[in-house]
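These notes are about the structure you will find just below.
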Amino acid sequence: MVLDSDKPPKHHRPRWLRDVLAYPDHLRLRGSVVPDIFPLVILTTVYAYFIAHVYENGYDSIAISNSVIPALSVVLGLLLAFRANTSYARYYEGRQLWETLQSNARNLSRLVWLSIPERTQADHLEKMRCMKLILAFAVSTKHHLRGEFGVDYYDLDYLLPPHWIPAATADDENKVKNRKNNGHTLNSAFVKVDHKLHGTRRKGTHGDNISDKANRRISKDISASPSSTSAGTRQSPSISASSSSSTQSSELGIFVSEEDLPDDVMQANMSLPLEILFRMSLYMAQAQNAKKIDGIFSSVIISHLNALNDCLAGLERLQDTPIPKAYNIHLKQSLWLYLLVMPFTIVAELGWWLVPTVVITSFILYGIDSIGSQIEDCFGYNGNDLPLNQFCDSIRKEIEFIVHHIPCEIAF
1 MVLDSDKPPK HHRPRWLRDV LAYPDHLRLR GSVVPDIFPL VILTTVYAYF IAHVYENGYD
61 SIAISNSVIP ALSVVLGLLL AFRANTSYAR YYEGRQLWET LQSNARNLSR LVWLSIPERT
121 QADHLEKMRC MKLILAFAVS TKHHLRGEFG VDYYDLDYLL PPHWIPAATA DDENKVKNRK
181 NNGHTLNSAF VKVDHKLHGT RRKGTHGDNI SDKANRRISK DISASPSSTS AGTRQSPSIS
241 ASSSSSTQSS ELGIFVSEED LPDDVMQANM SLPLEILFRM SLYMAQAQNA KKIDGIFSSV
301 IISHLNALND CLAGLERLQD TPIPKAYNIH LKQSLWLYLL VMPFTIVAEL GWWLVPTVVI
361 TSFILYGIDS IGSQIEDCFG YNGNDLPLNQ FCDSIRKEIE FIVHHIPCEI AF
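When the letters of the sequence shown are read in order and numbered with UniProt numbering, they come out as residues 1 to 412.
Right under this line is the structure:
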């Protein structure tokens with residue numbers, strides 16, 4: 001049955017009816033700032049009750065002129081408006097950067113899957129791991145922004161090549177080992193690993209893993225491929241002044257000199273998303289050297305990798321550059337002073353009505369300040385933060401669809 005595009009379906013409800021039937025927003029607590037500001041409102045209410053009680057018991061001298069409030073209200077309003085606007089600008093920029101990251105991940109996965117040919121089983125394995133690294137970049141960026149370092153997360157560890165210890169998670173001993181043993185070609189990064197398509201899996205992944213259908217695309221163990229058994233792995237020697245190390249480096253095409261940076265392996269480090277970008281760049285370089293892609297196409301892919309790096313840098317800038325602490329401190333101090341002075345200026349006119357007036361005023365002012373605090377850092381787990389899990393899950397589903405339903409080579 002084909003629906004008439006000019007007529008809404010029978011199950012369609014007008015927007016006004018959906019709004020009426022929906023739970024009203026003014027009664028919602030989940031997602032609001034009421035739980036955060038409730039203790040402050042209660043404390044301010046008790047203070048206002050104390051002022052009203054003192055005034056009603058004959059201490060009329062505590063009342064002061066109301067001419068102070070208008071000037072303070074204007075200044076405080078400007079401070080709160082600047083805080084809210086700045087926080088929302090950061091929130092919106094974070095969403096734009098994630099949108100750019102998603103777009104480049106989609107373009108990169110499409111280009112890698114459709115444009116890099118598979119000549120051997122090893123080629124397919126390398127491509128599959130590169131596709132997983134595209135998703136791993138988004139997931140690792142999410143954890144990186146949240147200050148969750150390492151790879152032991154249900155939505156990340158299975159995406160990385162088996163037995164690969166990223167520099168960001170390696171201890172000192174493994175850093176030295178990786179420095180001595182890790183090669184500079186893709187063979188050491190992708191192929192010189194366990195021959196399963198997926199790495200370690202965690203139980204209870206709740207659908208966040210790429211399906212096992214991708215494993216069935218490889219009918220034989222990668223060790224049966226002649227290209228994988230014959231492909232050598234260049235070893236990167238540790239930088240030293242000995243002639244044996246220099247000779248070995250020259251044979252491998254890896255040179256050292258006295259002008260090199262100090263080989264301080266213990267202090268060297270790199271964030272996991274950035275290291276994943278290097279691994280993907282290594283894959284593209286090997287594909288170009290193997291004549292699988294030409295220079296023009298390689299430039300297109302590199303432009304997308306550069307765009308991902310720009311997104312990472314922009315997100316790190318938002319995370320590492322909060323609103324100046326002095327501004328936040330001064331705003332909160334001004335807010336408290338305003339609420340401390342206000343009861344004395346209106347108690348003579350309102351009497352006991354001072355208490356509900358202060359409750360409403362403090363609820364509004366504390367709420368605006370709390371909203372700015374929540375959306376300023378929009379990469380966490382608060383209900384008002386960006387849904388990073390949803391963004392990463394969207395990329396995962398799209399890459400799964402590409403792997404399972406779109407052929408990498410089409411015969412015309």
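All C-beta atoms in this analysis are idealised placements derived from N, C-alpha and C, irrespective of residue type, glycine included.
query, result
"Would you say V46 and V341 are within 8 angstroms of each other, going by their C-beta atoms?", "no"
"Cutting at 7 angstroms between CB atoms, please list the residues of its own chain near V74, excluding the five before and the five after it.", "none"
"Which residue wins for smallest C-alpha separation from K291, given the options P117, E316 and Y92?", "P117"
"By the DSSP assignment, the alpha helix (DSSP H) with I116 in it spans what residues?", "Careful: I116 lies outside any alpha helix (DSSP H) and carries neither H nor E."
"Out of curiosity, what's the CA-to-CA distance linking N389 and Y59?", "58 angstroms"
"Taking the continuous alpha helix (DSSP H) assigned at E275, which residues delimit it?", "L272 to N289"
"Determine the closest residue to D393 out of L274, T345, E258 and Q102, with distance taken between C-alpha atoms.", "Q102"
"R146 by DSSP, collapsed to three states: which one?", "coil"
"Please report how far the alpha carbon of L108 lies from the alpha carbon of L305, in whole angstroms.", "8 angstroms"
"Spatial neighbours of A287 within its chain, please: C-beta separation below 7 angstroms, excluding the five flanking residues on both sides.", "I116 and I293"
"Measuring only the C-alpha atoms, how far is P161 from A89?", "38 angstroms"
"Report the residue from I323, A63 and K132 whose alpha carbon sits nearest the alpha carbon of A52.", "A63"
"Less than 7 angstroms separating the Cβ of N389 from some heavy atom of the ligand GDP?", "Questions concerning the ligand GDP fall outside what the structure shown contains, since it holds no ligand whatsoever."
"When you compare only the Cα positions, how much space is there between K175 and L272?", "Residue confidence for K175 is low, a pLDDT of 46 falling below 50, so the modelled location carries little weight; the figure read from the coordinates is stated next. Each residue's alpha carbon lies about 14 angstroms from the other."
"Tell me the rounded alpha-carbon separation between I395 and I301.", "18 angstroms"
"If we ignore side chains and look at the alpha-carbon of each, how far apart do L331 and D369 end up?", "9 angstroms"
"Exposed or buried, residue 418, counting other C-beta atoms within 10 Å across all chains shown (16 or more means buried)?", "In this structure the chain extends from 1 to 412, so residue 418 is not present and cannot be described."
"Can you tell me whether I165 is helix, strand or coil according to DSSP?", "coil"
"Can you check whether the CB of L78 is closer than 8 angstroms to the CB of Y338?", "no"
"What's the gap between the Cα of P226 and the Cα of L125?", "Summary for P226: the model assigns pLDDT 39, below 50, so the residue's position carries little reliability; its value from the coordinates is reported in the next sentence. About 14 angstroms."
"Taking only three categories from DSSP, how would you classify K408?", "In the sequence on display, residue 408 carries Cys and not Lys. C408: coil per DSSP, three-state reduction."
"With distances taken between CB atoms, is the gap from I406 to M131 smaller than 8 angstroms?", "no"
"Where do the N-terminal and C-terminal ends of the alpha helix (DSSP H) with I326 fall, by residue?", "First, the residue type needs correcting, since residue 326 is Ala and not Ile in the sequence shown. Run containing A326: K325 to L350, per the alpha helix (DSSP H) assignment."
"How long is the line joining the alpha carbons of T100 and L308, rounded to whole angstroms?", "8 angstroms"
"How many angstroms separate the CA atom of H163 from the CA atom of L335?", "54 angstroms"
"Looking at the unbroken alpha helix (DSSP H) that takes in C311, where does it start and where does it end?", "G295 to D320"
"Grouping DSSP H, G and I as helix and E and B as strand, with all else coil, what is I64?", "coil"
"Report yes if the CB atom of L274 is closer than 8 angstroms to the CB atom of L312, and no otherwise.", "yes"
"Should S140 be labelled buried (16 or more other beta-carbon atoms within 10 Å of its own) or exposed?", "buried"
"Where does G77 fall in DSSP's three states?", "helix"
"Is S87 near I375, with beta carbons less than 8 angstroms apart?", "yes"
"Check this for me: beta carbons of C408 and Y91, under 8 angstroms apart or not?", "no"
"When burial is assigned at 16 or more other CB atoms within 10 Å of the CB, is F391 buried or exposed?", "buried"
"Cα separation between R146 and Y154?", "15 angstroms"
"Using C-beta distances below 8 angstroms, list every residue in its chain close to M284, excluding the 5 sequence neighbours before and after it, in chain order.", "I293, S298, I301, I302 and L305"
"Which same chain residues, not among the five before or five after G207, have their C-beta less than 7 angstroms away from its C-beta?", "In this predicted model, G207 has a pLDDT of only 37, less than 50, meaning its place in the structure is not dependable enough to derive any value."
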